[in-house]
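There are 2 protein chains.
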Amino acid sequence: MYKDSSPGEINSVMEAAWEAFHIYRGFSLKQRAGFMRAIAGEIGACGDALIQTAMQETNLPEARLRGERARTIFQLESYAAACEKGDWLEARIDTALPDKNPPRPDIRKMLVPLGPVVVFGASNFPFAYSTAGGDTASAFAAGCPVIVKAHPAHPRTSGIVAAAITRAAEKTGMPKGIFAHITGISFEVGKALITHVHCKAVGFTGSFAGGKQLSDWASQRPEPIPVFAEMGSVNPVFLLPEKLKQSAPEIAVQVAASITLGVGQFCTNPGLIIGIESDALQSFVHDLGKAIQQTLPGIMLHQGIADAFANKREEALMQENVHLVAESLLADDAGESQRTGLPTIATVDGKTFQRNPLLHKEVFGPYSLVVRCADQLEMLQVARQLEGQLTATLMASLADLKNNVELAEAVKNICGRFILNGVPTGVEVCLSMQHGGPFPASTDSRFGAVGADAIRRFVRPLAFQNWPDELLPEELKNANPLHIRRTVNNEVTEGAI
Amino acid sequence: MYKDSSPGEINSVMEAAWEAFHIYRGFSLKQRAGFMRAIAGEIGACGDALIQTAMQETNLPEARLRGERARTIFQLESYAAACEKGDWLEARIDTALPDKNPPRPDIRKMLVPLGPVVVFGASNFPFAYSTAGGDTASAFAAGCPVIVKAHPAHPRTSGIVAAAITRAAEKTGMPKGIFAHITGISFEVGKALITHVHCKAVGFTGSFAGGKQLSDWASQRPEPIPVFAEMGSVNPVFLLPEKLKQSAPEIAVQVAASITLGVGQFCTNPGLIIGIESDALQSFVHDLGKAIQQTLPGIMLHQGIADAFANKREEALMQENVHLVAESLLADDAGESQRTGLPTIATVDGKTFQRNPLLHKEVFGPYSLVVRCADQLEMLQVARQLEGQLTATLMASLADLKNNVELAEAVKNICGRFILNGVPTGVEVCLSMQHGGPFPASTDSRFGAVGADAIRRFVRPLAFQNWPDELLPEELKNANPLHIRRTVNNEVTEGAI
Chain A
1 MYKDSSPGEI
11 NSVMEAAWEA
21 FHIYRGFSLK
31 QRAGFMRAIA
41 GEIGACGDAL
51 IQTAMQETNL
61 PEARLRGERA
71 RTIFQLESYA
81 AACEKGDWLE
91 ARIDTALPDK
101 NPPRPDIRKM
111 LVPLGPVVVF
121 GASNFPFAYS
131 TAGGDTASAF
141 AAGCPVIVKA
151 HPAHPRTSGI
161 VAAAITRAAE
171 KTGMPKGIFA
181 HITGISFEVG
191 KALITHVHCK
201 AVGFTGSFAG
211 GKQLSDWASQ
221 RPEPIPVFAE
231 MGSVNPVFLL
241 PEKLKQSAPE
251 IAVQVAASIT
261 LGVGQFCTNP
271 GLIIGIESDA
281 LQSFVHDLGK
291 AIQQTLPGIM
301 LHQGIADAFA
311 NKREEALMQE
321 NVHLVAESLL
331 ADDAGESQRT
341 GLPTIATVDG
351 KTFQRNPLLH
361 KEVFGPYSLV
371 VRCADQLEML
381 QVARQLEGQL
391 TATLMASLAD
401 LKNNVELAEA
411 VKNICGRFIL
421 NGVPTGVEVC
431 LSMQHGGPFP
441 ASTDSRFGAV
451 GADAIRRFVR
461 PLAFQNWPDE
471 LLPEELKNAN
481 PLHIRRTVNN
491 EVTEGAI
Chain B
1001 MYKDSSPGEI
1011 NSVMEAAWEA
1021 FHIYRGFSLK
1031 QRAGFMRAIA
1041 GEIGACGDAL
1051 IQTAMQETNL
1061 PEARLRGERA
1071 RTIFQLESYA
1081 AACEKGDWLE
1091 ARIDTALPDK
1101 NPPRPDIRKM
1111 LVPLGPVVVF
1121 GASNFPFAYS
1131 TAGGDTASAF
1141 AAGCPVIVKA
1151 HPAHPRTSGI
1161 VAAAITRAAE
1171 KTGMPKGIFA
1181 HITGISFEVG
1191 KALITHVHCK
1201 AVGFTGSFAG
1211 GKQLSDWASQ
1221 RPEPIPVFAE
1231 MGSVNPVFLL
1241 PEKLKQSAPE
1251 IAVQVAASIT
1261 LGVGQFCTNP
1271 GLIIGIESDA
1281 LQSFVHDLGK
1291 AIQQTLPGIM
1301 LHQGIADAFA
1311 NKREEALMQE
1321 NVHLVAESLL
1331 ADDAGESQRT
1341 GLPTIATVDG
1351 KTFQRNPLLH
1361 KEVFGPYSLV
1371 VRCADQLEML
1381 QVARQLEGQL
1391 TATLMASLAD
1401 LKNNVELAEA
1411 VKNICGRFIL
1421 NGVPTGVEVC
1431 LSMQHGGPFP
1441 ASTDSRFGAV
1451 GADAIRRFVR
1461 PLAFQNWPDE
1471 LLPEELKNAN
1481 PLHIRRTVNN
1491 EVTEGAI
């Protein structure tokens, strides 16, 4: 049913997207926002059938999927509002100074869309980071057509959402080619999309191997194109001594819940916990282990992810000096055991962790490694050696923070979101959110995938020099008919010129 | 005197930059701005000796170099002012909503520096795009240490400016390693810098071959890093029929001056002129040719550029259906003729141009190719086929623009700056400027190299979640002690929370 799209089909789709681009980029912010709101409406109107299909394909529970659909609708609506408001356009105007030597011409700059964007959705967010998810919403707000490569783990869910987008496009008068839905399992399908001359940017959420491959193809094109790939991370949690002494049992419960939330299948899952050898750490590990033992193994998204989890968990546990602390003691339903993710905690000493790069790698699922450092210095060394992360967390009292300034600075430098006394799971959709981070968490730390700033991945500045008012885009006209915020001669204003 | 820096020296310099980064990124915006203003002061204080040295090394005339030094000082001072003002930080705050379900934590985001930046200066701007030029100023404002790879065409000029930066760093208490000056001719020096683990971003201005090579090295690193390479372009000028009929002689004079300004050695030099066969075009080409014949050949920056110009000019003129229109008739001073750039105009028909990609390539120097299109459709085809450009220009009346909407849209889509009835040379340093463009004009069309927005190449967003006010950076504290513009709960304000 979902066989690979042929090279000919892919070419037709990309040609249609290119034609659509030339029309859609001329559409007003209001028109774009109207289209996005219509998509939100159509997805809402899919009702229970969509939820049921997603439940069948992803094993995710109904409440989670209802919540995720609501989030997806909120993303579309809030990015539509941001699109219309126009702050993201970064309109900058410097009016002519004919008496300057040399004279300064009138120059006006705004952000314009890059072109067709290919989106690779994530299996772990079948709505919010898939067909009509954050990348698609960002691209439509930017003024770019979207070609979604359906995730093979939820093709029917993806198809229902794609049909909703197509209905919304028809109802709001969008050009043919504004959206396409491509299916395929072979990597050749993704490669054909990314290397097509009319593909101008890529959004991806998934594994490091997948994201890095797409990024390499994109940079090896005759015309390299930008790829924003969010590739996950181990999201280290640092346990500072005073805080741990005060609250080891509470932190253990909080962290255990975060590790096993959604069967550990979040990009922000805390896969690494770093503490300093002490009675408090012993007690924390003991409590964490007990909580994990009492956590029911959940069914993972699909067989491929379950197998990868089992293999990577096994590989991690086999490393020198790595010891199993605890795994869930709650029996599997025999029929499902092949697809469940067994909640697991392991531990290793700080020196071994520093020596063995495999232990720095994500084990996608409900697994976390506790690194026991000999002292404060070793914890600092571990922090300095860590790769880029989506998030990093300090569990710390005020005194801990005063005693660990270098550690906080080192951790700040490797993450996109820096959390104090919380857990990394739970990504709020708001302007202040950063979902991204230094490589290998993402391919470009200068951008993020959550919140309306994500639009910026798919736009570029264009300056207009010496154009008469009547020929300028609405966004840059003297009268400011769209009432957007602009920087005029270095002053920010919503007024006319 | 200027031999290649050794791998050991490069490693020491990069280690020192990394150490400096951890200190400098903690410095306040005011401290960064103070450092940049001190550099401006020190460069000013270099006086005539700097100008004389640059004249000897670059063959550029005194007035031009004095102007360029003033521009460089202006860049440092205006980016310092922008740095201090803090708009570029994109501070976004969403305060906690404990009653939301799930509760929203307090999240605050701002831009933070990437790390040490390696800057490769341009030979054609020995001050403004070299040692203390726009890339260096952008990186210092961002909070990044800078390692300049001195351009081998003006090593002594570069050395004087580097010493000025070092003095400014000492006087303003900057950390050791905040700036380094590396010399070398071999490509191995550049490669060693870019592939060093502590290099976190690259700024480059120069040729396509150079920029592409750096970009490839950067993307092939174990940890890929962003490169902003401005690689020049042919800056097409489209002559629309009514405007040409009205003003052929004036446009010819204007374009001839732009082609030969600074011996054609500007990235924004108009190297391609596209018109439609007509009496007006004949007359324009005739007038342009006459103006070129009467332009004195100037001495080019260095022998390498003069040789490359001579060779590429020769190669272009040898292409099928390319005809020489005119070259300067003014005799060279015999002793200098090897290093002069001969102002040259050639012409070709639209079909040949579309067929021969070599004719799309930049001939860096005072050379321009006039493409004679059969009709309006062919001009549109040429526009659609063109590669990415820093600038594109329409010479057009209002009626022309109404009759050529598709052309204007096609041209808009390939350039970073879109000019009406002007010339592309002359790049104003202001916020509305875009100096960059779709590949191959630059490696990333989403950024630019002129104006304070250029700072953004070297920063990334970092979100703080759930931090108490006293531990947040000044930029994000409730009281807004720096009085910067911030987006608080989706409203822009300079006030406190």
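Here the protein sequences come in this chain order: A and B.
Quick note on this note's numbering: the first sequence kicks off at 1 and runs consecutively.
Quick note on this note's numbering: the second sequence kicks off at 1001 and runs consecutively.
Backbone N, C-alpha and C fix where the C-beta goes; we use that ideal spot for every residue, glycine too.
Short CB-CB distance (under 8 angstroms) between residue i and chain A
i        : result
T1443(B) : yes
S1207(B) : no
A1063(B) : no
I1416(B) : For the record, residue 1416(B) in the displayed sequence is Gly; it is not Ile. It does; some Cβ of chain A falls within 8 angstroms.
G1134(B) : no
F1464(B) : yes
E1409(B) : yes
T1487(B) : yes
Length of the line joining the Cα atoms of residue i and residue j
i        : j        : result
D349(A)  : P357(A)  : 14 angstroms
T1487(B) : G134(A)  : 21 angstroms
M1433(B) : N490(A)  : 12 angstroms
H1435(B) : A1449(B) : 5 angstroms
A65(A)   : T157(A)  : In the sequence as displayed, the identity of residue 65(A) is Leu instead of Ala. Using only the alpha carbons, I get a separation of about 11 angstroms.
A17(A)   : C144(A)  : 9 angstroms
T1072(B) : V1189(B) : 26 angstroms
E1042(B) : F1140(B) : 16 angstroms
T268(A)  : G426(A)  : 8 angstroms
A218(A)  : A201(A)  : 9 angstroms
L1324(B) : R1372(B) : 13 angstroms
S215(A)  : V1227(B) : 15 angstroms
I273(A)  : T347(A)  : 9 angstroms
V1459(B) : G1304(B) : 35 angstroms
G1262(B) : A1306(B) : 13 angstroms
A54(A)   : P343(A)  : 24 angstroms
CB contact below 8 angstroms: residue i versus chain B
i       : result
I107(A) : yes
D400(A) : no
H498(A) : Outside the displayed range of chain A (1 to 497) lies residue 498(A), so it cannot be described from this structure.
D94(A)  : yes
L281(A) : no
V117(A) : no
Boundaries of the alpha helix (DSSP H) in which residue i is found, first to last residue
i       : result
G498(A) : Chain A is shown only over 1 to 497; residue 498(A) falls outside these bounds and no answer can be derived.
L317(A) : 303-317
K557(A) : With chain A covering only 1 through 497, there is no way to say anything about residue 557(A).
Chain-order list of residues whose beta-carbon lies under 6 angstroms from that of residue i (same chain, five-residue window excluded)
i        : result
G281(A)  : Note that residue 281(A) is Leu in the sequence shown, not Gly. Cβ neighbours of L281(A) beyond the five flanking positions: G275.
Q1213(B) : none
Boundaries (first-last residue) of the beta strand (DSSP E) holding residue i
i        : result
A463(A)  : 459-465
E327(A)  : 323-327
R221(A)  : Where R221(A) is concerned, there is no enclosing beta strand (DSSP E), given that its DSSP letter is neither H nor E.
P1098(B) : Element bounds for P1098(B): n/a, residue is neither H nor E.
M1174(B) : It is not in any beta strand (DSSP E) - M1174(B) carries neither H nor E in the DSSP assignment.
K412(A)  : Per DSSP, K412(A) belongs to no beta strand (DSSP E); it is in the alpha helix (DSSP H), 405-412.
Q1389(B) : 1389-1395
Own chain residues within Cβ distance below 7 angstroms of residue i, not counting five before or after
i       : result
L431(A) : G451, A452, D453
P438(A) : G388, I414, S445
Neighbourhood of residue i by C-beta distance below 8 angstroms, restricted to the same chain and skipping five residues each side
i       : result
E494(A) : N480, H483, I484, R485, R486
S258(A) : N269, P270, V423, P424, T425
CB contact check: residue i to chain E, cutoff 8 angstroms
i       : result
K412(A) : Protein chains A and B are contained in the structure displayed, whereas chain E is not.
Inset, instruction - Could you tell me whether the region 1115-1126 of chain B touches the region 1407-1421 of chain B, where touching means 3 or more Cβ pairs closer than 8 angstroms? - result: no
Legend entry - Validate contact between the region 1306-1315 of chain B and the region 1364-1383 of chain B using beta carbons, cut 8 angstroms, 3 pairs: yes
Legend entry - Meets three-Cβ-pair contact criterion under 8 angstroms: the region 196-210 of chain A and the region 3-21 of chain A: yes
Inset, instruction - Take every Cβ of the region 105-112 of chain A, pair it with every Cβ of the region 457-469 of chain A, and state whether three or more of those distances are shorter than 8 angstroms. - result: yes
Inset, instruction - Check whether the region 1221-1233 of chain B touches the region 1388-1400 of chain B, counting contact only when three or more Cβ pairs, one atom from each stretch, lie closer than 8 angstroms. - result: yes
Inset, instruction - Say whether the region 173-181 of chain A touches the region 77-86 of chain A, bearing in mind that this needs 3 or more beta-carbon pairs closer than 8 angstroms, one atom from each stretch. - result: no
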